[in-house]
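Just below is one structure, and these are the notes that go with it.
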Amino acid sequence: MLLTACGKTDEPVAIVPIQDSQTPIFMSVEAGARTYRMVFDTGASYTVIDSRTATRDLRPMSDAALSAWTRFGEPLGKSVSLLEGSATIRYYESPALRYGQWAVASRGIAPAIDLPLLTQWSMDLGARVDGAVGAATLSTLNWVLNRRDRRLEGYRFSSKIFRAESTGMTCVPMLTLPEGTPAISIEIDGHPAVMTIDTGYIGNTSGGLSVGDIATLRYLSALAGEMTIDKPGADRDAKGKPVVVVKTKSVSLAPQHGRACVPADRGGLGSTRPRLSLQVREDCSRLRSASILLFRAGANGA
């Protein structure tokens, strides 16, 4: 999957509007006679359905169907790790999905879990959020970030825009992590790191780091400042603890001849999947030269 900013010559088959950094990027996905409100979420490995929506609308997969899928398809997990703990996965039969001209690959199976973040978004927006379209599905198209028109544009791989002779493109080289999510290599105060490009992350900060990530940056003397926000009415993390915000020292795109990340046995970043937010993704030129970013501790996308 390519997520970048460039000029275009062909028309996209999917256009997803971007509201602002405080609002998830939504898609109205058609499934049979129903329309679902889904989050465009590159930080999620797979497309998932909220368990309440699945229970209401979909048919559970039979034991025989699950056994056949496991035998001839790929192993099906029974649980998934979330920020708030683990959640049980249940599988349902999925109808064909469509978004505009794009026939969304569904594989006929829909994993369903309880997603606290989707529940919170539903409460905040006053409308149900039914699930998330993840990286495995999104990677069937090439995506262009159109900053001028504030939208994501999905193109087929055969589109002329991605041919070698195309000119005028400004592209950031991408990585694909083992779980299938997109990422880029950056350097924080000269230390290489890998950041997940997570369209499901929202907030006022540049992205999210785990407590372990922050401890590593602190050890490397790569932090320019830290602040704990603990006052009445302030946001809390998923465990009810005060939010910690850190300011890094200089951040820039990593040279392509350099290493992608620090090996785990040296305490490097990357294994805990730190995330870049919408504000940074919309202007990667900020990372062309040294800049300073603010990160929120313990924050992740759906």
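Using this note's numbering, you'd call the opening residue of the sequence shown number 20 and step up by one each time. Cβ coordinates follow ideal geometry from the N, Cα and C atoms, glycine included. Just so you know, these numbers come straight off a predicted model, no measurement behind them.
Annotation: A146 to R126 spans about 27 Å, alpha carbon to alpha carbon. If you look at V262, you'll find it in the beta strand (DSSP E) that goes V262 to T267. Taking a contact to require three or more Cβ pairs closer than 8 Å, the stretch 134–144 and the stretch 76–83 do not qualify as touching. DSSP places M57 inside the beta strand (DSSP E), whose first and last residues are R53 to F59.
By the neighbour-count criterion, in which a residue is buried when 16 or more other Cβ atoms sit within 10 angstroms of its Cβ, P36 is exposed. DSSP lists no bridge partner for L137. Residue pairing of G244 in beta bridges, as defined by DSSP: K266. Annotation: M193 to G219 spans about 18 Å, alpha carbon to alpha carbon.
Rounded to whole angstroms, the separation of the alpha carbons of T66 and F59 is 9 Å. As a beta-bridge residue in DSSP terms, Y111 pairs with P79 and A129. Spatial neighbours of T89 in its own chain (CB-CB distance under 7 Å, excluding positions within 5 residues in sequence) are listed in chain order as L95.
Secondary structure of G231 (DSSP, three-state): helix. Under DSSP, R175 shares a beta bridge with no residue. In the structure shown, L95 adopts coil according to DSSP, grouped into three states.
For L116, the enclosing beta strand (DSSP E) stretches over residues L116 to Y118. In the three-state reduction of the DSSP assignment, M142 falls in the helix class.
S225 places its beta carbon 8 Å or farther from that of V213. Here A154 is near T200, since their CB atoms are less than 8 Å apart. If you draw a straight line from the Cα of V123 to the Cα of F176, it comes to about 15 Å.
The residue among I68, D168, A131 and T247 with its C-alpha nearest the C-alpha of D39 is D168. Here R56 is buried: its Cβ has 16 or more other Cβ atoms, across all protein chains shown, within 10 Å. Bridge pairing for M46: M57 [DSSP]. When DSSP states are grouped into helix, strand and coil, L85 belongs to the helix group. Annotated three-state conformation of A273 is coil, per DSSP. Cβ-Cβ distances below 6 Å link M246 to V264 in the same chain, with the five nearest sequence neighbours on each side left out; the list follows chain order. With respect to the 8 Å criterion, V148 and M46 are not classified as neighbours on the basis of their beta carbons.
Counted as a single uninterrupted DSSP element, the stretch harbouring L239 is not any alpha helix (DSSP H), since DSSP gives it neither H nor E. In the three-state reduction of the DSSP assignment, S70 falls in the helix class.
Counted as a single uninterrupted DSSP element, the beta strand (DSSP E) harbouring T215 occupies residues H210 to I216. The C-beta distance from G173 to P31 rounds to 5 Å, short enough to fall under 8 Å.
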